[in-house]
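Okay, structure first, notes after.
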Amino acid sequence: MLNILVVDDSSIITKTLSKHLLDFGLNVIGIAKNGTEAIEQYKKLNPDLVTMDITMPIVNGIDALKEIRSFDSQAKVIMITSHGEERLVMDAITLGAKGYMLKPITPLKIKLSLQKAFPQLSDRIESNYTTLSLIY
Amino acid sequence: MKNILRLFKSNYHPQLIESMLKSNFSGAIIVNIFLPIIVTYLYYDFIPLIQLKLWLGAHIVIFVLRVTLQKKITTNLSYHLMLMSATSLLYAILAWQSLLYSDQIHLLLAAMIIASIVAGSIATLVSVYHIFAIFVMIQMLGLISAFLYVNIDIFYLSAVMATSFLHLVLTNGYKQYKTIKETLRLNQQVNTLLNNTGEGFLSFNKEFKCQSSFSSECERIFQTSEIEGVDIRTLLFNDDTEKSELFRDVIERSIASLDKDTIDIFLSLLPQEVSLYNIELFIEYKYLNKGLFMLIMRDVTQTNRLKSKIEYQNKVQNLLINVASNRNDFIDLKDSFEKLISKLYTHSNNSLSIIESIKRELHTFKGNFSQKRMIYIPNYIHQLELKIKNLSSSEEIISTCIEANLKETFNKDIAVINAALGEEYLNAEKTINIKVTDIDAIELDIKSFVCKFDLEQQIALNTLLQDVHKLKYILLKDMLTPYIDYVKQMAFKLEKEINPLNIIGNKALKISPRLALFMKQFIHLFNNAIDHGIEASLERELSQKDPMATISCEFTTNADILILKVSDDGQGINLPLLVDSAIKNETITVEESLKMSDAEKCALIFEEKLSSKEKITTLSGIGIGMSAVKNELDNLNGRFLIENREGDGVSFTFYLPLNTEKNVYLCYEDSNVKNCEGVANAIITQIEYYLKETIKTTIEHIKKEEEISLANYYSSVDLKEGYKGKVILIYSDELLNTFTQHMLPNGYDAQEHEEILLSVGDEVINTIVGISLQYFDKALGQVDISPPLPIEKEELLNNIDLAKARSIYTLQTNKGTLSLVVLDE
């Protein structure tokens, strides 16, 4: 299915997010700890989707998004954000982010973001989510 | 006055006025500008200039007012009225001016003006086209008449002008009026629909100004009717500048982005839950087009309240489950926490180590309490921890902890538990669960070595055995309290008004599980009371009764008897109906019924397939229920008493022996011994009765023997069928003589002495064992008895040797000794 690059400086987030994404039947093909790594990995792996934390050391999520979008204008990036970062989210969306997820990450939020980013896969995502909610 | 105001309001259609003003804009120019100019020109010679100037001026003022205030007029009733009043005032001044000259032309002019005022006022009042048309017509007619009076030549010209103008105004106006009416009607329909959705619909433009159309729910939500043109941010966030700014940023960026999906993502950043004037709103934002945004607001106050209620209930449930699943653990935790709190108050030194230990303990308690899913205290401790984290001096830490009053918050949690489980739940002593089978095993253990002791020790052991047995006892209260809920539910189901079931009695009373089974049958009693006994509340009110019915359940003990009384204040048992249906069911005959006492009739309620209510409901009425009560009562050798107060209710009182388990001196291991002992026990009980009934004596002492001690007289019977064995009674001379004297009080032939004595012995054994048969262990099945058989001493000894098991008892009375031998073959 889809190949995902997870970008976050917190290993807890990357772990839980990767687990959820795997549960959705998605491939997490790379994990980056900061913006620089994210840009490198994107160029190397060419994923279908990037989940990008906004506040990260070295190069933050917004700059990384900018870089990735300038490298690949079709890049799909979903921002991971916390409360109070609305303005940064707006910047990100203006820069072409496909959506955002407010922490804490839940399967429901993942589902909604994925459906927005990949409307053509909406049904498949929905059915995966239903299976998930049966498991939990 | 109020009515007039109401009339104003009901006829005030801003859209109608706006549109009429617009459609008549050209008309207004003609009426207010051109006409006065022409008239001034034409009448220059007849009417003083000042008046013409005034007239012209007045019309210009009205026209200017109308144009500049157009917006206000159409949205605000008072502006509309003001303009109309101003017009009327100007006209009035003109009329007054004209009346100063008493010639005809002035009078005519005055009349025309007054007519205009009247028509104008009515038009304002009703604001519908027809009146407006009349208003215009009167003005025109007035003008025409004026021209006619003055100069016939000018008349033709002005008549043609006026008529064509009139035609223009009227036809054009009528068309407009029709369209507007229809639009208004449709508008009204849509408005009604929107207003009744219970949702607030509102739109605002990119300057954040609210648009004129919104559903009436908005007025309730914002608690103002002044919504149009107001900044949406002021309405939603009041003075919260931070939120307002975020709102502005989001909207501005949404407008800047052209893609609909992106706009949606932006809009999703706007606050979805806003609380305003105690109303909690859930808001959806939609981008319409041309820089217009729409808000859909739903009042979720009730939903949220319900949600938080459910959440709270969930928390309570989790807490209760955790507490109940390990009560002792929780009691320990509670005790140690209370100890910690008292330690805070009584600490003797503030050494760092003590402070550290308090901090540590607090932290542990926080963990433990949240593990127990307590509602208030974990978070409270957490807050306290944050507070003392940065404090360095130990005094400060201690005083902060004391100030925090942990106990108060902790008690909030305890109160939740107490409310659900009762105060005694946490205050009662610690308990542990023991499996019934474990108690059974202990009982068996004791039983297994009972026989190693002599009878007196066995009696002591028996008391112990009973104590062990009582561990299995159940609180009677626990058996009855579930009925409180049951009665409530049933009352609700059957639409009866009943006070909560009142259970009165010693809360600590425990009963054997055997008796507890009887309490299960009470369900039929309550069903019967609620369905048949209690009347509908209306019926109760009619018969001067408390509309709320009462059912009570009382229990007491008297010596070894448990007395249970269930009463209701319903209509009581309808005896004639009950007897009738008993006869119909052929439970009794008519003749029998005539002889029956009321008490006997009442007892019919326990008969199967009987019920005094004809209608059979799912709950009761099939008659099996009450007979089940009676059945169980019989099994427990209980008695009952029914007090029927017709029209006033009925009480059922049950008397039950508390000690259902007979204490038996147990001394057997294999089934032969058990059977043989059981038979012996049953026979001993009957011997006791027999002695009491016949020779009025009691057994003073029972002794279990290993060997028989022979005497002169013995009788025997064989037991057959279910149990194969032999029962032998060995009489002392004294006892047998006493029996003989009792049976043959008139004496007998001395020659027959031996024979008589033997037959008396046979008679005694026959009677005693005969009666005993029914008290044998049911497991043996039907046991039969042979006629008394003569038995020789040697045969007796032989039999004893051959027996698989034997029970030998010596029963000492004050009238001689009797030995009982039971042999198992």
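From first to last, the protein sequence lines are chains X and Y. Throughout, the working numbering is defined as the position within the first sequence, counted from one, plus 211. Throughout, the working numbering is defined as the position within the second sequence, counted from one, plus 421. Backbone N, C-alpha and C fix where the C-beta goes; we use that ideal spot for every residue, glycine too.
Inter-residue CB distance, residue i and residue j (contact presumed, cutoff 8 Å)
i: V1243 of chain Y; j: A1101 of chain Y; result: 4 Å
i: L216 of chain X; j: V261 of chain X; result: 5 Å
i: H919 of chain Y; j: I895 of chain Y; result: In the sequence as presented, His is not what sits at residue 919 of chain Y; that position holds Ile. Their Cβ separation, rounded to whole angstroms, is 26 Å, which puts I919 of chain Y and I895 of chain Y out of contact at 8 Å.
i: I1105 of chain Y; j: I1221 of chain Y; result: About 19 Å separates the two Cβ atoms, so there is no contact after all.
i: K868 of chain Y; j: P934 of chain Y; result: Not a contact, Cβ separation roughly 18 Å.
i: N1065 of chain Y; j: C1023 of chain Y; result: 5 Å
i: A308 of chain X; j: I289 of chain X; result: 7 Å
i: G621 of chain Y; j: E638 of chain Y; result: 4 Å
i: T1074 of chain Y; j: K986 of chain Y; result: 5 Å
i: R674 of chain Y; j: M301 of chain X; result: 5 Å
i: G991 of chain Y; j: G1099 of chain Y; result: Not confirmed; about 47 Å, so no contact.
i: G1237 of chain Y; j: S1153 of chain Y; result: 4 Å
i: S1137 of chain Y; j: I1212 of chain Y; result: 4 Å
Among the options, nearest to residue i - alpha-carbon criterion
i: L510 of chain Y; options: Y:Y1169, Y:Y1111, Y:D1154 and Y:H480; result: Y:H480
i: L1228 of chain Y; options: Y:D720, Y:F790, Y:L1241 and Y:N1235; result: Reading off the sequence shown, one finds Ser at residue 1228 of chain Y, where the question assumed Leu. Checking every option, the nearest Cα to that of S1228 of chain Y belongs to Y:L1241.
i: I1177 of chain Y; options: Y:T1159, Y:F874, Y:G1191 and Y:L1194; result: Y:T1159
i: I642 of chain Y; options: Y:S696, Y:K602 and Y:A1003; result: Y:S696
i: L319 of chain X; options: X:G310, X:H231, X:Q252 and X:A328; result: X:H231
i: L325 of chain X; options: X:D283, X:I336 and X:N238; result: X:I336
i: E777 of chain Y; options: Y:V987, Y:L741, Y:K810 and Y:R719; result: Y:K810
i: N800 of chain Y; options: Y:S820, Y:I819, Y:A862 and Y:T830; result: Y:T830
i: L213 of chain X; options: X:D220, X:L233, X:D219 and X:I265; result: X:L233
i: T971 of chain Y; options: Y:I984, Y:N979, Y:L983 and Y:G993; result: Y:G993
i: E864 of chain Y; options: Y:T613, Y:H890, Y:K917 and Y:A841; result: Y:H890
Cutoff 8 Å: residue i Cβ touching any chain Y Cβ
i: M212 of chain X; result: no
i: I265 of chain X; result: no
i: M301 of chain X; result: yes
i: T305 of chain X; result: yes
i: G310 of chain X; result: yes
i: D334 of chain X; result: no
Below-8 Å beta-carbon distance, residue i vs any chain X residue
i: K1083 of chain Y; result: Its pLDDT being 49, under 50, K1083 of chain Y is placed unreliably in this model, and the coordinates cannot settle the point.
i: L827 of chain Y; result: no
i: S1032 of chain Y; result: Because S1032 of chain Y sits at a pLDDT of 49, beneath the cut-off of 50, its placement in the model cannot be relied upon, and the following sentence gives the value as read from the coordinates. So, not an interface residue.
i: T618 of chain Y; result: no
i: L690 of chain Y; result: yes
i: Y683 of chain Y; result: Reading off the sequence, residue 683 of chain Y comes out as Thr, not Tyr. For T683 of chain Y, the answer is yes, since a Cβ of chain X falls inside 8 Å of its Cβ.
i: L679 of chain Y; result: no
i: R487 of chain Y; result: no
i: D661 of chain Y; result: no
i: I401 of chain Y; result: Nothing can be reported for residue 401 of chain Y: it is not among the residues displayed for chain Y, which extend from 422 to 1246.
i: R674 of chain Y; result: yes
i: H1050 of chain Y; result: Note on identity: in this sequence residue 1050 of chain Y is Val, with His being the wrong assignment. V1050 of chain Y does not count as touching chain X.
i: D652 of chain Y; result: no
i: L657 of chain Y; result: no
i: V889 of chain Y; result: no
i: I1043 of chain Y; result: Note that I1043 of chain Y has pLDDT 44, beneath the 50 cutoff, so the model's placement of it is unreliable and the number below is only indicative. So no, I1043 of chain Y is outside the interface.
i: D952 of chain Y; result: no
i: D750 of chain Y; result: no
i: V671 of chain Y; result: yes
i: L667 of chain Y; result: yes
Interface flag, residue i vs chain B, CB-CB below 8 Å
i: I1116 of chain Y; result: Absent from the structure: chain B. Protein chains present are X and Y.
List, from N- to C-terminal side, the beta strand (DSSP E) runs of 3 residues or more that fit wholly inside the segment 675–739 of chain Y. Along the length of the segment 675–739 of chain Y, whole beta strand (DSSP E) runs at least 3 residues long occupy 694–697, 700–708 and 714–720, reported in chain order.
Using a Cβ-Cβ cut-off of less than 9 Å, list which residues of the segment 283–298 of chain X approach chain Y; keep chain order. Those residues of the segment 283–298 of chain X that come within reach of chain Y (Cβ to Cβ, closer than 9 Å) are E297 and R298.
Uninterrupted beta strand (DSSP E) stretches inside the segment 943–1012 of chain Y (no shorter than 3 residues): Within the segment 943–1012 of chain Y, the complete beta strand (DSSP E) segments of 3 residues or longer fall at 972–979 and 982–989, listed in chain order.
Scan the segment 813–893 of chain Y and note each continuous alpha helix (DSSP H) run of 4 residues or more that stays entirely inside, going in chain order. The qualifying runs are 815–824, 827–842, 845–848, 857–871 and 876–891.
Run through the segment 599–656 of chain Y for me and flag every whole beta strand (DSSP E) of 3 or more residues, listed as ranges in chain order. Entirely contained in the segment 599–656 of chain Y, the beta strand (DSSP E) runs reaching 3 residues are, in chain order, 620–625 and 631–635.
Using a Cβ-Cβ cut-off of less than 7 Å, list which residues of the segment 687–720 of chain Y approach chain X; keep chain order. Listed by position along the chain: F687 and L690.
At what residue ranges does the segment 1136–1207 of chain Y contain a whole run of the beta strand (DSSP E), taking only runs of 3 or more? Complete beta strand (DSSP E) runs here, min 3: 1146–1152 and 1204–1206.
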